[in-house]
Structures are given as structure tokens and as C-alpha cells.
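J.:
There are 4 protein chains.
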Amino acid sequence: MLYNFMNDYNECAHERILEAITRANREQDNSYGLDTRCERAREKIRAHLDGAASDVQFLVGGTQTNTTIIAACLKPYQGVIAAASGHINVHETGAIEATGHKVLALPSADGKLTAEQIERAVAAHFADETAEHMVQPGMVYLSQPTELGTIYRKAELTDIWNVCQRYQIPLYVDGARLGASFAAQGADLSLADLARYTSAFSIGGTKLGALFGEALVINDPLLKKDFRYHIKQRGGMLAKGRLLGIQFETLFTDGLYFEIGRHAVAQAQKLTEGLRARGYAMMVESPTNQVFPILPKTLLRELGRSFGYAFWCAVDDENDAVRFCTSWATPPEMVDALLGSIPAKQ
Amino acid sequence: MLYNFMNDYNECAHERILEAITRANREQDNSYGLDTRCERAREKIRAHLDGAASDVQFLVGGTQTNTTIIAACLKPYQGVIAAASGHINVHETGAIEATGHKVLALPSADGKLTAEQIERAVAAHFADETAEHMVQPGMVYLSQPTELGTIYRKAELTDIWNVCQRYQIPLYVDGARLGASFAAQGADLSLADLARYTSAFSIGGTKLGALFGEALVINDPLLKKDFRYHIKQRGGMLAKGRLLGIQFETLFTDGLYFEIGRHAVAQAQKLTEGLRARGYAMMVESPTNQVFPILPKTLLRELGRSFGYAFWCAVDDENDAVRFCTSWATPPEMVDALLGSIPAKQ
Amino acid sequence: MLYNFMNDYNECAHERILEAITRANREQDNSYGLDTRCERAREKIRAHLDGAASDVQFLVGGTQTNTTIIAACLKPYQGVIAAASGHINVHETGAIEATGHKVLALPSADGKLTAEQIERAVAAHFADETAEHMVQPGMVYLSQPTELGTIYRKAELTDIWNVCQRYQIPLYVDGARLGASFAAQGADLSLADLARYTSAFSIGGTKLGALFGEALVINDPLLKKDFRYHIKQRGGMLAKGRLLGIQFETLFTDGLYFEIGRHAVAQAQKLTEGLRARGYAMMVESPTNQVFPILPKTLLRELGRSFGYAFWCAVDDENDAVRFCTSWATPPEMVDALLGSIPAKQ
Amino acid sequence: MLYNFMNDYNECAHERILEAITRANREQDNSYGLDTRCERAREKIRAHLDGAASDVQFLVGGTQTNTTIIAACLKPYQGVIAAASGHINVHETGAIEATGHKVLALPSADGKLTAEQIERAVAAHFADETAEHMVQPGMVYLSQPTELGTIYRKAELTDIWNVCQRYQIPLYVDGARLGASFAAQGADLSLADLARYTSAFSIGGTKLGALFGEALVINDPLLKKDFRYHIKQRGGMLAKGRLLGIQFETLFTDGLYFEIGRHAVAQAQKLTEGLRARGYAMMVESPTNQVFPILPKTLLRELGRSFGYAFWCAVDDENDAVRFCTSWATPPEMVDALLGSIPAKQ
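Chains as they are written, first to last, in our numbering: chain F, 1 to 346; chain D, 1001 to 1346; chain E, 2001 to 2346; chain R, 3001 to 3346.
(1) Just to make sure I have the definition right: I need the residues of chain R whose C-beta is within less than 7 Å of the C-beta of THR2093 of chain E. Which are they?
(2) Can you pull the chain F residues whose beta carbon is under 9 Å from the beta carbon of VAL1060 of chain D, in chain order?
(3) Looking at chain D, is there any beta carbon in it that lies within less than 8 Å of the beta carbon of ALA3124 of chain R?
(4) Is the stretch 2309-2321 of chain E touching the stretch 2170-2184 of chain E in the sense that three or more CB pairs, one from each, lie closer than 8 Å?
(5) Measure the CB-CB distance between LEU2049 of chain E and ALA2200 of chain E and report whether it falls below 8 Å.
(6) Rounded to whole angstroms, what is the Cα-Cα separation between GLY1149 of chain D and ARG2042 of chain E?
(7) Using a Cβ-Cβ cut-off of 6 Å (strictly less than) and excluding sequence neighbours within five positions of ALA268 of chain F, which residues of its own chain qualify?
(8) Counting Cβ pairs closer than 8 Å, one from the stretch 2205-2221 of chain E and one from the stretch 2243-2257 of chain E, do we hit at least three?
(9) Let me see if you follow: with CB-CB separation under 8 Å, is TYR9 of chain F close to chain R or not?
(10) Could you please tell me which residues of the stretch 2225-2253 of chain E, in chain order, have their CB closer than 7 Å to any CB of chain F?
(11) Restricting to Cα atoms, I'd like to know which of F:TYR229, F:PHE182, F:GLN165, F:ASN10 is closest to GLN2136 of chain E.
(12) If you count every other CB in all the chains shown that lies within 10 Å of the CB of ALA1329 of chain D, and 16 or more means buried, which is it?
(13) For the stretch 3212-3229 of chain R and the stretch 3016-3031 of chain R, state whether three or more C-beta atom pairs, one from each stretch, are separated by less than 8 Å.
(14) Use the C-beta contact count for ALA3344 of chain R: other C-beta atoms within 10 angstroms, 16 or more gives buried, fewer gives exposed.
(15) Can you tell me which of the three DSSP states LEU3148 of chain R falls into?
(16) Around the Cβ of CYS3313 of chain R, are there at least 16 other Cβ atoms within 10 angstroms (buried) or fewer (exposed)?
(17) Let me see if you follow: with CB-CB separation under 8 Å, is SER2031 of chain E close to chain D or not?
(18) For LEU1251 of chain D, count neighbouring C-beta atoms within 10 Å of its own C-beta (all shown protein chains included) and say buried if the count is 16 or more, exposed if not.
(19) Chain E partners of GLY3348 of chain R, CB-CB under 7 Å?
(20) Determine, using beta carbons only, whether VAL1090 of chain D comes closer than 8 Å to chain F.
(21) State the CB to CB distance for the pair GLY3186 of chain R and ARG3153 of chain R, rounded to an integer number of angstroms; the pair is presumed to be in contact (CB under 8 Å).
(22) Taking its Cβ as the centre, do 16 or more other Cβ atoms sit within 10 Å of THR2198 of chain E, making it buried, or is it exposed?
(23) Short check: CB of MET282 of chain F to CB of THR298 of chain F, under 8 Å?
(24) How big is the Cα-Cα spacing for VAL56 of chain F and TYR3141 of chain R?
(25) With a threshold of 16 other CB atoms inside 10 Å of the CB of PHE2126 of chain E, please say whether the residue is buried or exposed.
(26) Is it right to say GLY2241 of chain E is buried, meaning 16 or more other beta carbons lie within 10 angstroms of its own, or is it exposed?
(27) Spatial neighbours of GLU1011 of chain D within its chain, please: CB distance less than 6 Å, with the 5 preceding and 5 following residues excluded, ordered by chain position.
(28) Taking a Cβ distance cut-off of 7 Å, strictly less, list which residues of the stretch 1188-1213 of chain D are near chain E, in chain order.
(29) By Cβ distance, which residues of its chain are closer than 7 Å to SER306 of chain F, with the 5 residues on each side in sequence left out?
(30) Measure the Cβ-Cβ separation of VAL1060 of chain D and ILE1070 of chain D and say whether it is below 8 Å.
(31) Given LEU3295 of chain R, which residues of its chain have a CB within under 7 Å of its CB, disregarding the five upstream and five downstream residues?
(32) Using three-state DSSP, classify GLU1214 of chain D as helix, strand or coil.
(33) Kindly list the residues whose CB is nearer than 6 Å to the CB of ASP159 of chain F, restricted to its own chain and excluding five residues on each side of it in sequence; keep chain order.
(34) Are the CB atoms of ALA2180 of chain E and ALA2083 of chain E nearer to each other than 8 Å?
(35) Would a C-beta distance cut-off of 8 Å place THR1068 of chain D and ILE1169 of chain D closer than the cut-off?
(36) Considering only their Cβ atoms, is the gap separating PRO3332 of chain R from ALA3184 of chain R smaller than 8 Å?
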């Protein structure tokens, strides 16, 4: 195989990260995230939050991060509103339910929820005379970008935030690929905006060049207390927590996190343009680092010999929608090679 | 108010049940369902099962019964397939999720699931290369009758049973209103059939003239072991368990359970016919003890002064679908009075 | 067998309760505890609370009541402090753990906890630098009377309450046999005191002459909100909730609840005195309706032909501690008959 | 500070591990543990198992590994037997309870359980007529070495295994520091023995020179099926799973894992001997890489300026028990320096 576009975690880590770990290797430090490197990483992240008094916690993985913050927010009889296509509803093997909570799935064609849709669902619950026989909406989960690579714009997020505020429901944004969202065309949501208009959000490391790790930024003061108990209980507290600190410190030094996002998005968008120029339609318009073209099965079979991609869904008898994913590690020449293997649509 | 058709648990219990409890009042007996009356009730129920070696357990309520059997069947990473309108998916405040399991909701217009639909969902899961990132279908939940009063016929149930057998997935039938199903026109499923073609099913008492109580019939030998631990842990083990025994013994003496179902269904069907004769359509065709007519809002407001009913859903600007429910206690003359208050559709 | 002293739920219910249910049988009413009878029972109970603005909720069973209130109080990383002999730690098949919480068991010889003991445990937790690696004490569970029939006096309860207040930890008293505590010699804790010095407490019906049922009195305003969601989710919301209302209304009319407690305690204490007069020691001094004598095995074998009792624990090669339990239903002549079968200790 | 003996995860990783990751950095591979490096690591580990057909799974952390295997083994009404001092009972913030299960803690002075003790507990449960009101012992948890650094010998483990087999209860050994056990004086348990005499055991990486990671060896065929669902649900499935593969492949190449254990134990035992030679007693005799001396508080205050250690417990007014921990990274000269700072006991 020439190159695998299957996902954005096919390689290990950006070299600067490995170098930083190697440099710090024999330095003794505290454990469980109480070390100097996590503290420095926290400062580096907070510097982007425009003065918000947010807490920053580091966890190992995404499923863990989502589960930990969601279980921390909800009372036993509450559930979390999410797009039906949301990661927590589909691809975490019921991790949310395993903590006792229902995912209240709302339909979405492009992976996004709207403020109206959320308000309708919440208002309908509280208007029902038998509400207590049903799961109470206790939280809203979004992801930025979504599972389909789409992004929320600032006006959309603040509308949702206003609904959440009105009903006193926490809003959490899963930023597993957050770095890619900043580089998208039309993107107008900054880290500082996320600190302002969410109760908590995550900054994903795994898909942005780290070995692993998610930074969880907690803005709502009520969620901060005792949060480390939650992390420990859900298995997210790394003994050598400094590894998370070193990685996020590196990512937030000299803008590496944003640079990685820009590189990945640039490769994906070059691929998108090339595919469009060849006459292929997209299943969904993604401005980030995932590309979802509809391609003939015969072509896909051919491509599969040299390039990895993910099957997404069947479109018709002759065409499938697939996903190509780019990352910090994707060489531009591999995008060229891929495009070079794709003839114009007949 | 003249009469409340809101639901089938507006009164206490069939008089024969109260008399039986009163008669047995000072008899000392064992506790927690290990008494002579539960044993006799078990025998009375088993006599209907055509020789099946089923266990019969008694629990207090329906949510509890569903939760207990479902949590007993599933492994941590498994979920239960149910109609989106199913009681466990909507009206149990997330009791299933509180035990750690996702409800895998499938769409249904009439409250029923089909064998094809179930097979498609299960097969799709196991065919997926990333199946382990998703909740595994580990059980199928039906209700007889369904939330919308519809019933499964024998051929439908055996088709579903065959799918479940093929994938080695337990099949559970929630019979909260089971007694009403036997009296429905076209009904061809007996208790013996349920013992043959399900892993477990419940025989609801609350809605069939008991003060409370559900009999859980466990057919699958693998589910029988240690089941009383489950009942105790989920809060369903009544100290004075004999109360459940006395009630089910009474219900299954001289066919009272079936007689109650026939009475309730007869009243509901008389109501249905009367409404149809007056030109009103039904939201769904229910052959059991729930009637779902579509009626003008102006008429409903008027009716509401004398009769209780449940709002079901808005149909258009001028009409709502509502539910009238009948029971062992519904006096035929009250159905007449209700119909007498409903003019022919204009 | 002449009479079974095995426990206090060997018979059904006090006759006044059955009569009240029978009288109300065909009265239509609302369901799920929103009926007129529950409302009246609430008022009758509140009349004993000296003006406290407590909520009163009715649940079916004791395990359910304990589980529901405890799970409602605790955050995911918190546990509940209880005596090692406490019902929730031993005899509820892990129902508390099934909701995700550890029981933090403290040793106790007589079933009681002391304020010092609780304070030491709580203070030690919060003083530990690695506290977040351990379950945080989030609640205190007592029972009145305890599993061993002993009772808390007012000074003991207020001391514990003060510790709980100091650490902002809810205090819950399980009153499964509460009625018996009021009749004990030396008892000085009223219902009004319990409303004043606990966050919540239960008033047990099952062991005090009801068919079933526990009243949960919630004093802490923070625990009141949305509590019916908890009840529904944990399976404790009875469809025909009026049955709980009728029973507690009856128990709290003309002092029946207290009368039942006095009768049961009087029989138990007569038995205790008779045993002492015959030279037998008690394993524990219980002033309520449970008696724990140490008796020779040979005598016990003999007694077992005519009287039921519960084995408690082995004392030595020749003697066991056993439990005799009395109730509203225990005929005084049966206590005489029992004593008549017990010769003086040799 | 000269050197921190606080624990065995004060540094990052053995250099060979970092080098291996750096070498493999840009190699594309599959994700979620389905990669070539995990496969190679599995083979390397299996080569030590004397032909056992064990599965090997890789997880990120220890709490996670324990929680995942324990929740996978137990039915909802079962609990896990562990020493009261066991990690799962004390230091995992109730992670086991959060999955719904009680830890059935047995007393232990040296961190070990005996076969007799376990058999007594299990037999007592099943002999109880009211067993179903109590949590059923469904699993046994040991750790090798224990929290106190002590080790099981082969005869002890096989005795426990025989009890477990007799009652058909899975036996799991937590090997967070397993590498240290092999180097202990008197150790006679090999990896192959663990594969033979346990249902599952873990091989800890974090405390043996890895950045992070635990290998879970599953010997019982019944536990193998669908295990990756469990890992995903509990948050233990690393996207870049190859990192675990590379690390364990390195640890099990040229005996590095055992060499690291030997180095750590040698330093600890040198420290132990030095302390004994100076007249100090040990709180517990640990033959592995943890040392628990009883030292005067005045001396400890002095030592604390140059060396890190963990406070363990107060012994008397003048002495505390503390813990010194050694690892792959501990320089022998630092042990000399530490001993050099400790005068002979007066």
C-alpha cells in the first residue's frame, strides 16, 4: 500500500512531541497529573481562553473523556441530548449507558444539531404532565467538528448556548478533532469562544499529532469541584500524567496544534477540490480533514490496492460513499498520488 | 366526573382478590415468595403452559419486572432491541439505562416489530468490521399487546423467535396487559405458545384486576439460575410475597384472568364500534382494551367534563388523537353513557 | 407449628388496613401516587413533624426505598457510611453497589454508629493527600431501630447530625421498624426530631402492620426536586399508588402506627423478661420488637417443633444466639406458650 | 531533592522503549490494537506461557484493566473477593462499585489472602439459607506482588486456584508490579504458572519501565469472547494501540521485563539490608521493590529534604512506617546516598 487514508491516527506522533518526551525522560516528577509539565500545559492552554477561569484536566482517551464529563454532569434520571450520528450514540459501545444514562438522540443530516431542535426537545419534555416517567434532558453534547466533518459557526453555538442557559442545562463540546475545525473555511469559533459558550469542551490530542490524550477544559464552576475523583474512577488518570503535560505543552508551543490542523485540512481540501474537478459529488460537505466522496465501486476496488480509506455507506448499486482522512502526517505528494489514480467521472 | 377512562388502573382490585387476601390475612406463611400461596399460584400458571418446565417468579411492578429480566439477560456491552414506542424506551425514566444498557430502538408505526426488521438490525451489527465499537444486540423486547394496543399473531411471534434462535438472542415479551390480548379478535397466541416461543414473558396483574404484581415466566433454562438474587437486588422481592401468590392464584382460578380480559376488551370494542358508527377514524387499529380515536378538540373539551381520557397526540389544528382505556371495572353503562355524549361526525 | 416468631412479616396486614382498602375499592382515583389518598396520608404524617416543610413520598419496599434515596444523594465518586451490620451492607444483594456506590462499612458491636466514629472516618478521608483515589464519604446511613434492635437516643442522633452538618453530608435514617423504636424503654426520639435532625428518613409500613409500603420523609430541600423521577427509575412508583396512601392514612389515624409498635414491643419485652428470669443471657440488649437470646442447641431443637425463630449465630459448641420477632399480630398467649416451653437454665 | 523514592513511576520510560517508538513513528498501522506490533507483542508474551492458548489484550492503565476484567466476569448480583488492603478496595475511587459490583473485602495483615480464608467465605455464603439476600462471591482478586510488596508462592496460588475451581469462580491476579515478583527471593511462580493457575492475570507495564500500559492475559476460554467490546466500553481501547504493542514487544525482547524487575528489586533489597544493618525494623517483610521501614519521625523530617518517600502509617508517637519504592530508573548510587543519610538506630 502506498498510503493509508483510513483515519487520522495511523502514525504515532508529531516528532516534536517524541523529542520532548525523550528530553524529559529521566526527569523525576509528581504523578497523576499533579506534575510541573501538566501545570505548564494548563497555562499554555489557558493563555488562549481570553482570561476565562477554566480548569484544564488531562485524560488519556476520547471515549473516557466523554464518559467522564457526561457522567459527572448528569443526575441519575437525566440523559444527554446528542445527534443520532454522534460518537457517544454510536461508536462508544454504550459507554454512556454503562454509567447509567440514556443518550437522547435527535435526527441530523449533517451531524449538527440546531438550537431550535434542542429547544423543542427540552420544552416538550418539561411540558409533559408525565415527564417524570421519561428521561429528563440534562445536558447537550455537540462535537466540533462533527462526525461528518461539518462545523458549528459562532452564531450557531451561541444560539444553542442560550437555549442551554435558559433551561440550566450544561453544554459540552467534544473536540476530538478540534484542531481541524480552526482551519476550516468559514470557521469563526476560537478556543476563547468555546470557553465562553460551553460548560466544558475537550481539545483532542490523538487525532492532532499526539501519541494520545485529551485536554478537558471545564468552564462551569459547578463542574470543577472534585473532578479528579471522576477521572480516577473512570480510569482516566494516567500514573505518568506528565506524558499528557509534555504533549499538550508541546502542542501549544509555537502554535503547533493549529499548524497541525492547518496541514491536515489543507490536504483534505486539496483532495476535495481534485475530486470535484473530476466530477464526483460529496455525500456531505466537510470543510475539515475528512472527505466523504461518492465513488464508483469499481474505482474503489482499484484504489484499494494502493490507498486505504473507510467505507461509509452504500449509495446505490454502483456507488459507495467512503471517507478519506488526513492528518499532521499526510504527505502532500500522497494526496497527489491518490488524485492521480482517480480518473474523471464518466 | 361520571367515569374515568384514563387508564386501566383507576380502581383497586377485583373483589375476588380482596376477598382472598382478607380470608388469608392471619395465616402465617414464609416470606419473600417462598410461601405456599406463591407455590400454588405457580402451579396454576404452569397448568396453562402445556408441560413447559418454566419457572414462575412474582414481582411487584412492571418497570421492575422489565428491568430485572433485561439486566439479567444482557452482558455489559449488550443492548436490548425494542420498538421506538416501547415502554422501556419511553416511559420508564431510563430504568434500563440505569442498569448500564442501551435500548436499541427500531421504528414502528403500530408498536410492533417484524422479524425482518430485527434480523436486518442484528445481521448488520455482526457484519460490521468495527462491531465492537457499537452496542451488541443482546436481546429482543416485545410487548403483547403493544403500547398501541396491537397484538402479535402466532406466525409473527414464531418468525421473530426463529431469528432470535438463529442469533442466540433471548426474546422477552412484556405482558403488562397480556390478559387483554387473549380476548382480541384474531388472537391466536396462548400462554403455552408464549412458553414455547419466548425466553421469558410476563403476565401483568396490575392492569388485569390485581392490586399490583407481575408474574414472570422464565422458559430459558440458562436464565433460571440465581434469578432470585436479581429480584432482590432490583428491589422486586416483596417481604409479604404471599400477597402476590394469593392474587395470581385467584386470577388463575376459574379463569378469572381471562374473564377480566374479555370484559375489558368487550367494552373497548363496543366503544370502537360506536365511534366508527359515528364516523370517527382511529389513529391505530387496536383490538384490545385501548381505543385511540381521532376526535375534534371542541368535542374533547366537552367530553372532558364527564369522562376522563388520555391525550395521545395532536393530529391537526382541529383534531387530537386520544386514548380511552377499559378494564375489569368498567361498567358497560358507562361506555353507553360515553357514546351517548358523542354526536355523529359532521 | 403453634406460632412463628421468625419475623414481623409472617401475616398480611392489620385488619383496619384491609377494611380501608376494601371500602375504597371501586373509588376511581389518580395513579402513581398523585391521588387523594396519598395526599391525605401525607398530611397525616406531616401533622407529626412539628411544622417541618418535609416532602413525603411513598414507595413499595425497603430495599427500594434505601436504594432510591441513597442513589439520589450521592455523586458518582461518593459512598455511604453504614454500620458493617447495616441492612444495606449485608442484606440487599448489593443493591447500593448496583447503583454505582460503595458502602463504607464501619465496625459496630450493637448495630449503632457513634458521632466520633463517623467524624474520624470523614476527617481521615479529607485529610488524605490522595483522597481522590478513594471513595469520598458522601452520606451517612443509620437505622432506627438497628438490625440488632437497639435504638439511637436523641443526644446520639443530634451529635451525628452535627458531624454531618459540619461536613455537609446528608444523614438518612432507615426506619423499616421505626414504629417499634417509639415504644422502646428510654426512647426519646419523635417523628418531629427525625424531621429536624436528618436529611431524610423512612417510616416502614411492612413490619408495622401494612401489606407493604414505606413512607420516605425528605427534609433537605435540595433532595426534594425531581424526586419522583428517581422513584420511577428505581421501580418504586406503584401504578395504584393509592394503596400506599390508604395504608399510611390508616396507620396514622387514631395513632394506629404507634399502637402497633407498642403491642409488638410489649410482647418482645415480656419474652425478654421471661427469658432473663429463666437465667438466659441476651446476645445484645434490644429494647424493641426483636429478642436475641443465647439458648442451648438442645432446647432450640425442641422449641423448633412448636415455634419459629431465626438462627442468628453460633456462640459456642452448645449454644446459639437466635432471634424471636414480634409484631402487631403476635397474640400475647403465644408469648406465654413460648415461655411455657422454656425451662429455667441449668 | 537528590532522589525521589516516592513510587515507581517518577520517570517516563526505559530508553529502549522510547527508542522503539521513535523508530516506528511514521510507520502506518491499524488502530485499536489490531496492528502488527500488538500482534508481535502478543506472540512474545505467549512464548512464555508454555503453550497455553491464552488471549492477550492491551489496555492503557491499571484501574481500567482491573475494572474491565472484573466487570466482564461478574453477573450483576456477584461481587469480587479481595484483601481489605487490595488496590480495588481502597485506591480506585470505587471504580468496581461504579460498574455495579461489591468488593467483598477479607482481612489480611500482609496483603495476601489464603485458600482457607477464601473457601470459608465462599462456603459460608452458599450454606446460608438466605444467600440470595447477599452479594454472591463471583470472583477472587489477588495481586502479585500485593500492595505490601509480599508475594504468593506457587503452592499458595494453586491452593487458591483449587478452591476457585471447586466453586467455579474465576481467579484474577493483578500484576501491576508483576515484573518485581519474579526477582524476589523465594519466588517460584512463572508466567506459565500464572497462565495455568488463573482465569486471567495482568502484566503491568507502567511500573516496569513502560510509559503506560497493561497486558491482560486471559486464560479462561469463556472470558475471551467479545472481550474487545468490554475494553472499548470501559475506555481502555487506545486509538494508537500500536504504542502498547511496541512497548510490550520491547519489554519482552531480550528479557528486558525481567531485567527491569531484577534491577528494581536489587535496589530495594540493598536498601532493606542497609536499614536492617542499622537496626531498623520493617512494618512488613517485602521481598520486592517496595520497602516499608519503621523510622523515627525526626530522622524522616531530615531525610525528606533530600529524598522522597511515601508516608504509610503512624506506628507510635515517635515512629512512622514509610515506603521507599525503587524502579528500573533507580541509580544504585542513590540507594547508597540514602543509606548514607541514615544513622544506626540508637
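Beta carbons are placed, not taken as given, at the ideal position from N, Cα and C, and that holds for glycine.
If you're wondering where the values come from, they're calculated on a predicted model, not measured in any experiment.
T.: A quick look at the data gives this:
(1) TYR3077, GLU3132, HIS3133, MET3134, VAL3135
(2) The premise fails here: VAL1060 of chain D is roughly 17 Å from chain F at the closest Cβ pair, so nothing lies under 9 Å.
(3) no
(4) no
(5) no
(6) 35 Å
(7) ASN289, VAL291, THR326
(8) yes
(9) yes
(10) ASP2226, ARG2228, TYR2229, HIS2230, LYS2232, GLN2233
(11) F:TYR229
(12) buried
(13) no
(14) exposed
(15) The three-state reading of DSSP puts LEU3148 of chain R in coil, since its state is none of H, G, I, E or B.
(16) In the assembly as shown, CYS3313 of chain R is an exposed residue. Its beta-carbon has fewer than 16 other beta-carbons within 10 Å.
(17) yes
(18) buried
(19) Because chain R is modelled from 3001 through 3346, residue 3348 of chain R falls outside the range shown and cannot be assessed.
(20) yes
(21) 7 Å
(22) buried
(23) no
(24) 35 Å
(25) exposed
(26) buried
(27) Hits under 6 Å: ALA1329.
(28) THR1206, LEU1211, PHE1212
(29) MET1, LEU2, SER341
(30) no
(31) TYR3280, ASN3319, ASP3320, VAL3322
(32) strand
(33) ALA115, listed in sequence order.
(34) Against a cut-off of 8 Å, the Cβ pair of ALA2083 of chain E and ALA2180 of chain E comes out as no contact.
(35) no
(36) No.
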